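A quick write-up on the structure given underneath.
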Amino acid sequence: MNGERLQAARRIVLKIGSALLVDDATGAVRRKWLRAFSSEIAYLRQRGQDITIVSSGAIAFGRQELGLTSSTLALEEKQAAAAVGQIRMAHAWQEALTTHGLRLAQILLSLADTEERRRHLNARETLTTLYRFGVVPLINENDTVATEEIRFGDNDRLAARVAQMVSADLLILLSDIDGLYDKDPVLHPDARHISQVEVLTDDVRAMAGKPRRDYSSGGMVTKIEAARIAVGAGCAMIISDGRAESPVRRLEGGERCTWFEPAASPRTARKRWIASALDRDAVVMVDAGAARALLRGKSLLPAGVTAVRGQFKRGDAVRICDSGETQLAIGLIAYDADAARVIAGRQSQEIAKLLGYKGRDVLIHRDDMVVGA
Ligand code: GLU
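Going by numbering that gives the first Met the number 0, the sequence shown opens with residue 0, and the numbers climb by one from there.
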């Protein structure tokens, strides 16, 4: 079953825990593992799947390089370690992936980038553009400017947010545990492994127990939190032990793991998310031609807009109405209200001249639109 489901996924986010990448004893890169894993990425890419890697390890590498041995570091020490270690980590990834002819792009995100709609829209556009170029994005949290405590395990949540942002259909958390157990298997040898979670109930949450404080893993609590985000966004999630070589092939071969089933399709979930924050006064009126195009699933171009009402910022949800005030769709708009008024009714090629900068050709992309909402 694993194999078919993995193959069917169009867009996969893989989250790599520090323990996979960094040798515990020496602090060195686990090169053999990384080489084998890179060949797996190449194989997934060859199958036409869009791949994103969310990798931890910056702090683990950095603390080793800076000789920071204490188990508790001050925030600024962690931030310094992350700044040093991120380069080393990205370099290790690049070296490994280029051997397989893959191109890599580094993106450092903060959780706010994924939560705020305007930034979300930017990051999503960048990521989908990278997929179009066949590039593999390598993502980590922007630890050096994080304003709150950097928590190990945050990358579980970050990976889930990224999966939501790019409408991935599969998120794989590769860490040092092979899935969810009905109680903590470290404390209870009789703990039972759960292979599938259909619905994320309170009982399932309770199985995660308390967060652990060790440094290579966020424990189960953050993984369940990641599952909540992922399945709500229509993305299936797997928790799997990735420490042994070639974890993806192992998974495909039926290795034990836990599947969390999505609550909806990514498309439906995204549309629900788009429609969830709407200012009713923010309206874009369109002509009959644009109205017909929208209903056929096309993006909205500035040329088809006859009027813009209300105040809104880029990334806000606005209503799209026809000349009879009938609402045709809701969508996230790619321009602020003032800019939208300037380019309304004009050709996309004129945008740069009218605004003094070249923004998006479309006013509302069809992926950011819910028709008939
Ligand atoms: N962003 C941290 C790092 O790269 C790791 C956070 C995590 O493991 O969840 O060192």
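All C-beta atoms in this analysis are idealised placements derived from N, C-alpha and C, irrespective of residue type, glycine included. Small disclaimer: the values here were computed from a predicted structure and weren't measured.
Could you please give the first and the last residue of the uninterrupted alpha helix (DSSP H) stretch that includes T267? It spans P265 to A274 - the alpha helix (DSSP H) in which T267 sits, taken as one unbroken run.
What's the C-alpha gap between E51 and R156? A quick correction: the sequence has Thr, not Glu, at residue 51. Rounded to the nearest angstrom, the gap between the Cα atoms of T51 and R156 is 15 Å.
Is the beta carbon of L137 less than 7 Å from the beta carbon of L107? Taking the C-beta atoms as reference points, L107 is found no nearer than 7 Å to L137.
Exposed unless 16 or more other CB atoms sit within 10 angstroms - verdict on S216: Note on S216: pLDDT 47, under 50, position unreliable in the model; no value is reported.
Would the stretch 232-239 and the stretch 165-175 be scored as touching if the rule is three or more Cβ pairs under 8 Å? With a cut-off of 8 Å, the stretch 165-175 and the stretch 232-239 count as touching, because enough Cβ pairs lie within range.
Looking at the secondary structure, which residues open and close the alpha helix (DSSP H) in which N1 lies? Note, N1: alpha helix (DSSP H), N1 to A7.
C-alpha distance - R271 paired with D367, whole-angstrom precision: Answer to the nearest angstrom: the Cα atoms are 11 Å apart.
Cut-off 6 Å between Cβ atoms - residues of its own chain near S55, not counting five sequence neighbours on either side: So the qualifying residues of the chain are G16, S17 and N154.
Closer than 6 Å: S55 CB and nearest the ligand GLU heavy atom: Yes.
Can you check DSSP and say which residues form a bridge with H192? In the DSSP output, where bridge partners are listed per residue, H192 has Y180.
Quick check: the Cα distance between A316 and F259, rounded to an integer number of angstroms? For A316 and F259, the distance between alpha carbons rounds to 30 Å.
To the nearest angstrom, report how far apart L33 and Q78 are at their CA atoms. So the two alpha carbons sit approximately 25 Å from each other.
Using DSSP with H/G/I as helix, E/B as strand and the rest coil, what is S38? If DSSP states are grouped into helix, strand and coil, S38 belongs with the helices.
Output the distance between the C-alpha atoms of G303 and E349, rounded to the nearest integer angstrom. One alpha carbon belongs to G303, the other to E349, and they sit about 14 Å apart.
Give me the residue from V369, H99 and L300 with the minimum Cα distance to L288. It is worth fixing the name first, because residue 288 is Gly in this sequence and not Leu. The residue with the shortest Cα to Cα distance from G288 is L300.
Nearest to L186 (by Cα), restricted to the options S70, M206, G323 and A7: Considering only alpha carbons, the answer is M206.
Using the Cα positions of T267 and A328, report the straight-line distance between them to the nearest angstrom. Going by the C-alpha atoms only, they are around 14 Å apart.
A167 vs V369 beta-carbon contact at 7 Å: Result no, Cβ atoms of A167 and V369 do not sit closer than 7 Å.
Going by beta-carbon coordinates alone, are R62 and A80 separated by less than 7 Å? One thing to note: R62 has its Cβ within 7 Å of the Cβ of A80.
Closest to R373 by C-alpha separation, out of R30, G26 and Y42, would be which residue? Examination of residue 373 is not possible in this model, given that the chain is present from 0 through 372 alone.
So is D213 buried or exposed if we call it buried at 16+ other beta carbons inside 10 Å? With a pLDDT of 49 at D213, under the threshold of 50, the predicted position of this residue should be treated as unreliable, though the coordinate-derived value follows. Result: exposed.
For my contact list, N1 and G253 are in at a C-beta cut-off of 8 Å; report their separation, rounded to the angstrom. The pair is a contact, with the Cβ atoms about 6 Å apart (cut-off 8 Å).
How big is the Cα-Cα spacing for A89 and Q105? Roughly 7 Å between the two C-alpha positions.
In chain order, which alpha helix (DSSP H) runs of at least 4 residues are fully inside the stretch 245-326? Counting only runs of 4 or more, we get 246-251, 265-274 and 287-294.
By DSSP, does Q48 sit in helix, in strand, or in coil? DSSP places Q48 in the coil class of the three-state scheme, outside both helix and strand.
How long is the line joining the alpha carbons of R160 and E251, rounded to whole angstroms? Roughly 24 Å separates the two Cα atoms.
Which residues bound the alpha helix (DSSP H) around N141? Judged by DSSP secondary structure, N141 falls outside any alpha helix (DSSP H); it is assigned neither H nor E.
Would you call Q195 buried or exposed, if buried means 16 or more other Cβ atoms sit within 10 Å of its Cβ? That one is exposed.
Helix, strand or coil for V165, going by three-state DSSP, please let me know. In the three-state reduction of the DSSP assignment, V165 falls in the coil class, being assigned neither a helical nor a strand state.
Verify whether the separation of the beta carbon atoms of V361 and C320 is less than 7 Å. Taking the C-beta atoms as reference points, C320 is found no nearer than 7 Å to V361.
Proximity winner among R295, V165 and A27, relative to A229 (alpha-carbon distances): The residue with the shortest Cα to Cα distance from A229 is V165.
Would you say L173 lies against chain D (beta-carbon separation less than 7 Å)? No chain D is part of this structure, which consists of one protein chain only.
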